[in-house]
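Residue numbers (the UniProt record's numbering), protein chains in the order written: chain A, 1 to 369; chain B, 1 to 291; chain C, 1 to 267.
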Amino acid sequence: MAKNLVKWPVLGVALAWGLTSCQASASAPEIDLGSGPAKVGTIKANSLKGVTLTLTSWGGVFQDGQVKAASDPFAAESGATMLQDGPTEYSKVKAQVEGKNVTWDIVDTDVIWASKQCGPDGLFMDLDMTIVDTSHAPANLVGKCYIPAMQYGYVVVYNTTKYPTPPTGWVDFFDTTKFPGKRAIAGFEDIAPGVFEGALLADGVSPDKLYPLDVDRAYKKINPLRSSLIYWKTGAESEQMLESGEADMALVWSGRAYAAAKNGAKIKPVWNQALIIADALGVPKNAKNPKAAFAYLNYYLGATQQAKLSELTSYSPVHDEAKPQLDAVAKQYLTTDPQIRKQMIPSNSEWWSKNYDTELVRWLDWLKG
Amino acid sequence: MSLASEGARRRTWSTVRPLLLLLPAYALLIGVFAYPVLDSMWRSVTEPTAGWGNYAWALGSSGNLAVIGRTFGNALFATMVCVVLGFPFAYLMVISAPRTRAILIAITLVPFWTSLMIRTFAWIVILQDRGIVNSLLAGIGLGPLELLRTNTGVLIGLAHVLMPFMILPLYATMNSIDLRLIMAARSLGASPFSAFWRIFVPLSVPGLAAGSLLVFIQALGFYITPALLGSPADSMLAQSIYSQVNGLLAWGRGGALGVILLTVTLVLLGAVALLIRIGHRRDVSVGIPGQ
Amino acid sequence: MRTSLPTKIALWALAVVVSAWLVFPSIIVIPLSFTDKASLVFPPSGWSPRWYERFFSNPAWTMALGNSLLIGLLVAVLATILGTLAAFSLRALRNRSLANALKLGLLAPMIMPGIIIAIGLYALFLKLGWVGTLHGFVFAHTVLALPFTVIAITVGLAGFDAQLEQAALSLGANPLSTFFWVTLPNVLPSMISGALFAFVTSFDEVLLSLFIKSPYLNTLPVLMYSSVTRNTDPTLAAAATLIMVITTVLVITGLILSGRKKHASVL
C-alpha cells in the first residue's frame with residue numbers, strides 16, 4: 001500500500017506535465033494574415049492563435065536578443081506560441097527536411113550556408129513575398145529563400161590586462177613570441193570565413209588577392225599556432241572564455257565580444273582587417289506552418305524590432321530606418337559604424353559556398369590532431 | 001491420434017510457451033536495438049557508395065588515427081588510475097570492521113546514483129580556470145593550472161566516473177579470499193610483503209581483471225564526459241562518431257568508426273571471458289590434488 | 001589479518017583522498033544551488049533560494065522535469081513488464097543453454113557502447129518520424145533499462161523456492177491464482193528494485209536523448225547538457241540538486257519497500 005501512496009501522486013503530476021507538453025505538437029488551424037501587401041514589422045493581431053513556432057539560433061546574447069526583440073512581442077501580438085532551440089546544426093536541418101519531420105520552423109544560419117539552400121536541391125523554402133516585406137532590408141543580403149538576421153563582424157579581441165601593448169592585426173594574432181597566450185577560435189561542425197583569411201593576411205597576402213583562398217598556405221600558417229589554440233563550440237562558450245579570462249585572444253562574433261565586455265571582461269577589439277559577415281533566417285522545406293513562419297520573418301525585419309535587437313546585441317540592424325539607442329560599449333562593436341567598417345574587409349561568400357563541403361571535412365580532420 | 005504424438009505436442013508446447021513470454025521483450029530488442037545497430041553497420045559499407053571506402057577513411061586519415069590512439073591511451077590511463085587507487089581502497093574495505101566497511105561501500109555507491117550529467121557538471125565547476133582547484137592552488141601560491149577543456153580534465157573525469165566499476169568487483173573478489181592463507185604463509189616464514197604479493201594479489205586477479213575490463217570498455221565508448229570536459233582537439237572516438245552523424249550526417253563514416261569501436265569492445269570481452277575460463281580450469285586442476 | 005600501523009595509516013590516508021574524490025563532485029552542486037550570486041564560485045558568499053524560483057518559473061525547465069518524470073515512469077512500467085515476462089520465460093525454459101543464450105541477448109544493450117545504439121536509433125527514428133516523440137523516448141530508454149529489470153527479476157526468481165508453487169498447485173490452487181498469490185508476492189521486491197533501476201536509467205539518460213530530442217520534447221539531463229555549454233548559471237545546480245533528491249528518495253524508498261516485503265515473505 002505504501003508503494004501506491006508514493007507512486008500515484010508522482011504519476012499524476014507527471015501525466016499533467018506530459019499533457020501540457022503534448023499541446024505543442026497539435027496541428028495548426030488554417031490561418032488568416034489579413035489582406036493587402038505585407039508591411040514590414042507588423043502582424044495581424046491574434047491571427048496565429050494555436051500556432052506553435054520554433055526559432056533555432058546560436059544561443060547566448062544573440063538568441064536572447066532575438067527572443068526579446070522579436071519572438072516575445074510577436075507571440076504577444078499574434079497569439080502564437082514561440083519556442084526556441086539551438087544551437088543551429090546544419091545536419092539537423094537536413095535530417096528534419098529529409099525526414100519530413102520539421103521541428104525548427106525558423107532557422108538562423110550564416111549567409112553562406114543559406115545561399116546554398118535556395119532552389120529545388122536546397123533545404124529552405126522560397127520566401128513568400130506576399131507575406132514578407134524585404135523593402136527595407138539591405139538588398140545584397142536578401143536571398144530568394146532567406147532574409148538577413150543581422151550584420152556583424154568576425155573579429156579578434158584581446159585581454160587588455162594581459163597585453164599592455166595591444167596587438168594590432170592578424171600578424172600579432174599569429175605571433176606567439178611577441179604575444180604569448182591562449183587564442184580561442186571556433187571548433188565545431190561548421191566552417192566559415194575567419195581564421196583562414198586571417199592566416200593568409202598574416203602571411204602577407206594582400207586583401208584584394210585573398211580569394212580564391214590558398215588553404216594549404218593557410219594551414220601552414222595555422223599549424224605552428226596549434227599549441228596555443230583553444231576552441232569554443234558555441235557562441236555562448238566564447239563569451240564565457242572571454243569573461244573568465246581563459247582566452248587571452250579570441251576570434252569571435254562581434255556581439256559575443258560585446259556581451260563579454262558588457263559583463264565586465266577586460267577586452268578590446270582589433271578592427272583592422274576584421275571580416276564582415278551576416279546571418280540569415282530561413283524556413284526549412286516541409287515546415288509545418290510556413291505561412292506563420294514567414295509572418296515571423298516579416299515581423300522580425302521591422303524597424304522597432306531591429307533597433308531593439310541591435311541595442312541588446314550590438315549587431316547592426318537590417319532595417320534601413322532602425323534607430324537603435326546604443327550604449328557606449330555597444331557603439332564600440334557596431335560594425336556598420338563607418339569608422340569601424342572602413343577598417344574591415346569583406347568575406348567572399350561565393351568562394352565559401354563553393355568550397356564549403358570539402359573544406360569542412362578537411363577542417364574537422366585537422367581539428368582531431 | 002496416438003498418445004505418443006499428443007505427448008510430443010505437449011512437449012513442444014512446453015518449450016514454445018515460455019518463448020512466447022519472451023516475445024515482447026525480444027520484439028522491442030530487435031526493433032529498437034538490433035535492427036538499428038545492424039543498419040548502421042550496413043550503412044558503413046553502403047553509404048555513400050558501396051565498398052570499404054569508409055573504413056579506408058577511418059583507418060587511413062591521420063586525424064582518425066590520432067583519435068583512436070588517444071581513445072586507447074585515455075582508456076588505458078583511466079584504468080590504471082582506477083587500479084592504483086581502487087586496489088588499496090578495496091583492500092581497506094576488506095580488512096576493516098563491518099561498520100567502517102559499510103560506510104566505505106556507501107561512499108563507493110554515492111556516484112552510482114548521482115547522475116552522470118550532475119557529476120560532469122560538478123567537474124566543470126571544480127576544474128574551470130577560476131574553479132575550486134585553481135583557487136586552492138592560488139591560495140598556496142601556485143597555478144593556475146589549465147584543467148577544463150584539456151585532456152587532463154577528461155582523464156580526471158573518466159577515472160572518477162568509472163572508479164566504482166573497479167572498486168566493487170575488486171572488493172567482491174577480495175572478500176572471498178581466505179585470509180588464513182596469508183597467515184599460513186606468514187607462519188611458514190614469508191615476509192608480510194611477500195605474503196601479500198605472492199598470495200593475496202594473485203588471488204585478487206579475477207576481480208582486477210573484471211574491474212579493469214569494465215572500466216576500459218566503458219572508457220572507450222565514453223561521450224558525455226570527454227565532450228564536456230575536453231576540447232574538440234582532444235576528442236575521443238565516441239565524439240568523432242557523434243560529429244560525423246549528428247554534425248555531418250555522414251552515416252557511413254560514423255558507422256565505420258562505430259564498427260571499429262564495437263569490434264575492439266567485443267574482442268576485449270571475448271579475450272577476458274576466455275582468460276577467466278582458462279583461469280577456472282587451472283584452479284580446478286590445481287584444486288583437485290589438494291582435496 | 002593484521003596490518004602494520006604505517007601501512008594502515010597510508011591506506012587510510014589514501015582512502016580519505018579517494019572518498020573525498022568520489023563523493024565531493026556528487027554533493028558540491030547542493031551548496032552551489034543555494035548561492036546568492038550568479039556565479040558558481042565555491043564556497044558561495046551568501047545563501048538564497050532564488051535559483052529554485054528561477055527553475056520553477058521557467059517553463060523550459062519545468063516542462064523538461066515533467067517529461068523526464070513521465071518518460072521515466074513509463075519506462076519503469078514497460079521495462080518491468082517486459083523484464084518480468086522474460087525472467088519467467090527464462091526460468092521455464094528446459095533447455096538451459098538456449099535460456100542462457102536468450103538471456104545474453106537481453107543483456108546485449110548493456111555492453112553495447114551507447115554511441116552506437118544512438119546513431120542507429122537516430123537513423124531509425126528519422127525514418128519513422130519518431131524524433132522528439134514520447135513513444136520514441138520511451139522505447140529508446142526501455143531498451144537501455146531492460147537489462148536491469150531482467151537481472152533484478154532473474155535474481156529474485158532464483159532466490160524463490162519453486163516448491164512453494166508446487167505446494168500451492170498440489171493443494172488445489174489453479175495456476176493463475178498460484179501465480180498471483182504465491183509467485184508474485186515473492187518476486188515483487190525484485191520487480192520494484194528492477195523498476196527503480198529502470199526509472200533511474202531513463203531519468204539519467206543523456207546520450208540517446210541528445211539525438212532524439214526536439215524543441216517539443218526535451219528531458220532534464222538534455223536541457224542540462226545544452227545549458228552547460230551555453231551559460232553555467234546556478235539554475236543548473238538547482239536542477240542537478242532536484243535530480244539528485246528525486247533519485248535518492250526513490251532509491252531509498254525502494255530499498256525500504258523491498259526490505260519490508262522480504263521480511264513479510266519470511267513471516
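Heads up, the beta-carbon is just placed ideally off N, CA and C, and yes, glycines get one too.
**Report entry** Cα-Cα separation, A:A303 to A:G122
**Finding:** For the purposes of this step, residue 303 of chain A is taken as residue 303 along the first sequence, with counting starting at 1. For the purposes of this step, residue 122 of chain A is taken as residue 122 along the first sequence, with counting starting at 1. The straight-line gap from Cα to Cα measures roughly 29 Å.
**Report entry** Alpha-carbon spacing of C:K213 relative to C:G132, whole angstroms
**Finding:** Stepping through the third sequence from its first residue, residue 213 of chain C is reached at position 213. Stepping through the third sequence from its first residue, residue 132 of chain C is reached at position 132. The alpha-carbon atoms of C:K213 and C:G132 are separated by roughly 5 Å.
Query raised in the report: For chain C, is any of its Cβ atoms less than 7 Å away from the one on A:N101?
Result: Taking the first residue of the first sequence as position 1, residue 101 of chain A is located at position 101. Chain C, which has a Cβ nearer than 7 Å to the Cβ of A:N101, makes this yes.
Query - Neighbourhood of A:L367 by C-beta, 6 Å cutoff - its chain only, sequence neighbours within 5 removed - result: If you number the first sequence from 1, residue 367 of chain A lands on position 367. Excluding positions up to five away in sequence, the list reads G187.
Query raised in the report: Between B:V133 and chain A, is there a C-beta pair that is closer than 7 Å?
Result: Counting from one through the second sequence, the residue named residue 133 of chain B turns up at place 133. Not one beta carbon of chain A lies nearer than 7 Å to the beta carbon of B:V133.
Query raised in the report: In angstroms, rounded to a whole number, what distance separates the CA positions of C:I256 and C:L196?
Result: Taking the third sequence and counting its residues from 1, one reaches residue 256 of chain C at position 256. Taking the third sequence and counting its residues from 1, one reaches residue 196 of chain C at position 196. Going by the C-alpha atoms only, they are around 12 Å apart.
Query raised in the report: According to DSSP, which residues form a beta bridge with A:M150?
Result: Looking up residue 150 of chain A in the first sequence gives position 150. According to DSSP, which records beta bridges pairwise, A:M150 is partnered with A:D279.
Report task. Determine the burial state of A:Q63: buried for a count of at least 16 other Cβ atoms within 10 Å of its Cβ, exposed for fewer. Result -> Translated into the one-based positions of the first sequence, residue 63 of chain A becomes position 63. Buried.
Report task. Could you check the C-alpha separation between A:I43 and A:A295 for me, to the nearest Å? Result -> Taking the first residue of the first sequence as 1, we reach residue 43 of chain A at position 43. Taking the first residue of the first sequence as 1, we reach residue 295 of chain A at position 295. Straight-line Cα distance between these residues: approximately 7 Å.
Report task. Over the uninterrupted beta strand (DSSP E) stretch that includes A:Q84, give me the two end residues. Result -> On the first sequence, residue 84 of chain A is found 84 positions in, with the first residue counted as 1. That run of the beta strand (DSSP E) goes 81-85.
Report task. Within 10 angstroms of the Cβ of C:W181, are there 16 or more other Cβ atoms? Answer buried if so, exposed if not. Result -> Position 181 of the third sequence holds residue 181 of chain C. By the 10 Å Cβ count, C:W181 comes out exposed.
Query raised in the report: Taking Cβ-Cβ distances shorter than 7 Å, what residues in chain C pair up with B:R119?
Result: What you label residue 119 of chain B is simply residue 119 of the second sequence in a count that begins at 1. Per Cβ cutoff of 7 Å: P25, S26.
Requested in this report: Ignore the nearest five residues each way along the sequence and tell me which others in C:S209's own chain have a CB closer than 6 Å to its CB.
Outcome: Your numbering for residue 209 of chain C matches position 209 in the third sequence. Cβ within range, chain order: T219, V222.
Query raised in the report: Taking Cβ positions, are C:I111 and B:S115 nearer each other than 7 Å?
Result: Translated into positions along the third sequence, residue 111 of chain C becomes position 111. Translated into positions along the second sequence, residue 115 of chain B becomes position 115. For C:I111 and B:S115, no; Cβs fall outside 7 Å.
Query raised in the report: Ordered along the chain, which non-local residues of its own chain (more than five positions away) have a Cβ less than 7 Å from that of B:A159?
Result: Position 159 of the second sequence holds residue 159 of chain B. If the five residues before and after B:A159 are omitted, its C-beta is found closer than 7 Å to the C-beta atoms of A78, V81, C82, all from its own chain and listed in chain order.
Requested in this report: State the start and end residues of the unbroken alpha helix (DSSP H) segment that holds B:D178.
Outcome: As a first step, residue 178 of chain B is located in the second sequence; it is residue number 178 there, counting from the start. B:D178 -> no alpha helix (DSSP H), and no H or E assigned at all.
Requested in this report: Could you spell out where the alpha helix (DSSP H) holding B:R43 opens and where it closes?
Outcome: Along the second sequence, read from residue 1 onward, the residue named residue 43 of chain B stands at position 43. Boundaries of the alpha helix (DSSP H) harbouring B:R43: 35-46, taken from the DSSP string.
Query raised in the report: So, B:L213 versus B:L237, is the Cβ gap smaller than 7 Å?
Result: Stepping through the second sequence from its first residue, residue 213 of chain B is reached at position 213. Stepping through the second sequence from its first residue, residue 237 of chain B is reached at position 237. Taking 7 Å as the cut-off, the beta carbon of B:L213 is found no closer than this to the beta carbon of B:L237.
Query - Alpha-carbon to alpha-carbon, B:A34 and A:L250 - result: Here residue 250 of chain A corresponds to residue number 250 of the first sequence, with the count starting at 1. Here residue 34 of chain B corresponds to residue number 34 of the second sequence, with the count starting at 1. According to the sequence shown, residue 250 of chain A is Ala rather than Leu. Cα to Cα, the separation comes out at about 45 Å.
Query raised in the report: Does the beta carbon of A:K233 come closer than 7 Å to any beta carbon on chain C?
Result: Numbered from 1 along the first sequence, position 233 holds the residue referred to as residue 233 of chain A. The Cβ of A:K233 sits closer than 7 Å to at least one Cβ of chain C.
Query - Residue closest to A:I230, alpha-carbon to alpha-carbon, out of A:P317, A:G153, A:I185 - result: Numbered from its first residue, the first sequence carries residue 230 of chain A at position 230. Measuring from the Cα of A:I230, the nearest candidate turns out to be A:I185.
Report task. Check each candidate in C:L207, C:V200, C:E205 and name the one with the smallest Cα separation from C:T248. Result -> The residue you call residue 248 of chain C lines up with position 248 of the third sequence. It is C:V200 whose Cα lies nearest to the Cα of C:T248.
Query raised in the report: So is B:T12 buried or exposed if we call it buried at 16+ other beta carbons inside 10 Å?
Result: Residue numbering aside, residue 12 of chain B sits at position 12 when the second sequence is read from its first letter. The residue in question, B:T12, is exposed, as its Cβ has fewer than 16 Cβ neighbours within 10 Å.
**Report entry** Whole-angstrom C-beta distance between A:F74 and A:Y299, which should lie under 8 Å
**Finding:** Translated into the one-based positions of the first sequence, residue 299 of chain A becomes position 299. Translated into the one-based positions of the first sequence, residue 74 of chain A becomes position 74. Indeed they touch by this definition, with Cβ atoms about 5 Å apart.
Query raised in the report: According to DSSP, what are the bridge partners of A:S316?
Result: Numbered from its first residue, the first sequence carries residue 316 of chain A at position 316. A:S316 is bridged to A:Q151.
**Report entry** Residue span of the alpha helix (DSSP H) that contains C:W12, given as start and end
**Finding:** Position 12 of the third sequence, counted from the first residue, corresponds to residue 12 of chain C. Where C:W12 is concerned, the enclosing alpha helix (DSSP H) stretches over 5-27.
Requested in this report: Determine, using beta carbons only, whether residue 376 of chain A comes closer than 7 Å to chain C.
Outcome: Because chain A spans 1 through 369 in this model, residue 376 of chain A falls outside it and cannot be assessed.
Query raised in the report: Since A:L83 meets chain C, which of its residues come closer than 9 Å, beta carbon to beta carbon?
Result: Locating residue 83 of chain A in the first sequence gives position 83, counting from the first residue. The answer, in chain order, is A60, P215, Y216.
Requested in this report: Please report how far the alpha carbon of A:D203 lies from the alpha carbon of A:V97, in whole angstroms.
Outcome: As a first step, residue 203 of chain A is located in the first sequence; it is residue number 203 there, counting from the start. As a first step, residue 97 of chain A is located in the first sequence; it is residue number 97 there, counting from the start. Taking the straight line joining both Cα atoms gives about 41 Å.
Query raised in the report: Does any C-beta atom of chain B lie closer than 7 Å to the C-beta of C:L176?
Result: One-based indexing of the third sequence puts residue 176 of chain C at position 176. Taking 7 Å as the threshold, the shortest C-beta distance from C:L176 to chain B does not fall below it.
Report task. Can you tell me which of A:S254, A:L201, A:T88, A:G369 puts its alpha carbon nearest to the alpha carbon of B:S231? Result -> Here residue 231 of chain B refers to the residue found at position 231 when the second sequence is read from its first residue. When C-alpha distances from B:S231 are compared across A:S254, A:L201, A:T88, A:G369, the shortest belongs to A:G369.
Query raised in the report: Where does B:W123 land, buried or exposed, given buried means 16+ other C-beta within 10 angstroms?
Result: Taking the second sequence and counting its residues from 1, the one referred to as residue 123 of chain B is at position 123. That one is buried.
Query raised in the report: Can you list the alpha helix (DSSP H) stretches of 4 or more residues lying completely in the region 230-270 of chain A, in chain order?
Result: The DSSP assignment places complete alpha helix (DSSP H) segments of no fewer than 4 residues inside the region 230-270 of chain A at 235-243, 254-262, in order along the chain.
Requested in this report: Inspect the beta-carbon positions of C:A198 and C:T149 and report whether they are closer than 7 Å.
Outcome: Mapped onto the third sequence, residue 198 of chain C falls at position 198. Mapped onto the third sequence, residue 149 of chain C falls at position 149. Closer than 7 Å, so yes.
Query raised in the report: Is the Cβ-Cβ distance between B:W197 and B:R43 less than 7 Å?
Result: Translated into the one-based positions of the second sequence, residue 197 of chain B becomes position 197. Translated into the one-based positions of the second sequence, residue 43 of chain B becomes position 43. No, the Cβ-Cβ distance between B:W197 and B:R43 is not below 7 Å.
Requested in this report: Determine the direct distance from the alpha carbon of A:G255 to that of A:R183, and round the result to whole angstroms.
Outcome: Locating residue 183 of chain A in the first sequence gives position 183, where the first residue counts as 1. Locating residue 255 of chain A in the first sequence gives position 255, where the first residue counts as 1. Cα to Cα, the separation comes out at about 18 Å.
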